[in-house]
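Chemist: One structure is given below, represented as structure tokens, and several questions about it will come after.
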Amino acid sequence: MSDSDEDDLGFVPGTVVESSKNKYVIVKLLGAGGFGAVYRVHDQKDPTKMFAMKVEKKIETRKHSKLKMEIAILKLVSNERNQSHFTAIIDRGKKETYFFLVMELVGKSLADLKSSRPEKVFSLSTGLGASIQCLEACQDLHKYGFIHRDLKPANYAIGLGEKKRVVSHLKNMSTQKSTEKQELDVIMFYEG
């Protein structure tokens, strides 16, 4: 899709999405999936403030919003460490046809970084450092009873700015309660 093409949510570069707190301008589509899309956006008042906006189409037949669950999980785990391994929530909102979540923008995924390396491997120190941070992110999820079921380098990224560490993405995530299952990749478990 070119930057001038409209996606199935009707967004093109320049589209303004308004929450109760702020207005965001769509810059470009970063990726799309079955439930929605992720866009690079900027604050309408300050175009130097860039964010990622995840948008989920409202589907009447879907019992639970995946984005709503992601927001709940991010709120729980984000305060776990001084330097959380999860993207910070900036804003959120809902419109007639979609829900949206504005969060900090992150850098390249570990998969992309690894593929750009000579012989497609990290140095020992980089590999160990990234692995420790990935495990810390998993540990933070586990403390709240969640298990991520899609652990792979593409679901981890490097933070930008002051947050230069591995950041876990909760994309394709889900919960699984003892009696109710959704098709996502983070599940909730109960001990006992």
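Heads up, the final residue of the sequence shown is numbered 193 in the numbering used here, and it's a clean run with no missing numbers.
Glycine residues also receive a C-beta, built at the ideal position from the N, C-alpha and C atoms.
(1) Run through DSSP, which three-state label would L111 get?
(2) Between the Cα of Q134 and those of S117, K121, G160, spot the shortest distance and give me the residue it belongs to.
(3) Going along the chain, which unbroken runs of the alpha helix (DSSP H) with 4 or more residues stay wholly within the segment 46-121?
(4) Using a Cβ-Cβ cutoff of less than 6 Å, which residues in the same chain neighbour L75 once the five nearest sequence positions on both sides are dropped?
(5) Let me know if D141 comes out buried or exposed under the rule of 16 or more other beta-carbons within 10 Å of its beta-carbon.
(6) Using a Cβ-Cβ cutoff of less than 6 Å, which residues in the same chain neighbour F100 once the five nearest sequence positions on both sides are dropped?
(7) Please go through the same chain and pick out, in chain order, the residues whose beta-carbon is closer than 7 Å to the beta-carbon of F12, but skip the five residues on each side of it.
(8) Could you pull the DSSP bridge partners for R205 from this structure?
(9) According to DSSP, is G160 helix, strand or coil?
(10) Just the C-alpha distance for T194 and K46, rounded to the nearest angstrom, thanks.
(11) If you reduce the DSSP assignment to three classes, tell me which class G35 lands in.
(12) Leaving aside the five residues before and after K109 along the sequence, list all residues of the same chain whose C-beta is less than 7 Å from its C-beta, in chain order.
(13) What is the rounded straight-line gap between the Cα of N23 and the Cα of L152?
(14) State the start and end residues of the unbroken beta strand (DSSP E) segment that holds V270.
(15) With a 10 Å radius around its C-beta and 16 neighbouring C-beta atoms as the bar for buried, classify V122 as buried or exposed.
Modeler: According to the structure shown:
(1) Translated into positions along the sequence shown, residue 111 becomes position 110. In the structure shown, L111 sits in a helix (DSSP, three-state: H, G or I).
(2) In the sequence shown, residue 134 corresponds to position 133, counting from 1. Q134 has its Cα closest to that of G160, out of S117, K121, G160.
(3) 67-78, 111-116
(4) Position 74 of the sequence shown holds residue 75. Correct list, in chain order: F87, I90.
(5) To locate residue 141, count along the sequence shown from 1; it is residue 140. Per the 10 Å Cβ criterion, buried.
(6) Mapped onto the sequence shown, residue 100 falls at position 99. Within the same chain, F100 has close Cβ partners E57, S66, L68.
(7) What you label residue 12 is simply residue 11 of the sequence shown in a count that begins at 1. Correct list, in chain order: I27, Y40.
(8) Any answer about residue 205 is impossible in this case: the structure gives the chain only from 2 up to 193.
(9) For this step, residue 160 is matched to residue 159 along the sequence shown. Strand.
(10) What the structure shows of the chain is the stretch from 2 to 193, and residue 194 is not part of that stretch, so it cannot be assessed.
(11) For the purposes of this step, residue 35 is taken as the residue at position 34 of the sequence shown. G35 sits in coil when the DSSP states are folded into three classes, being neither helix nor strand.
(12) In the sequence shown, the residue the question calls residue 109 occupies position 108. Excluding residues within five positions, the ones whose Cβ falls inside 7 Å are A158, I159.
(13) Indexing the sequence shown from 1 puts residue 23 at position 22. Indexing the sequence shown from 1 puts residue 152 at position 151. Approximately 33 Å, taken between the alpha carbons.
(14) Outside the modelled stretch of the chain, which goes from 2 to 193, sits residue 270, for which no answer is possible.
(15) Reading the sequence shown from its first residue, position 121 is the one you call residue 122. It counts as exposed.
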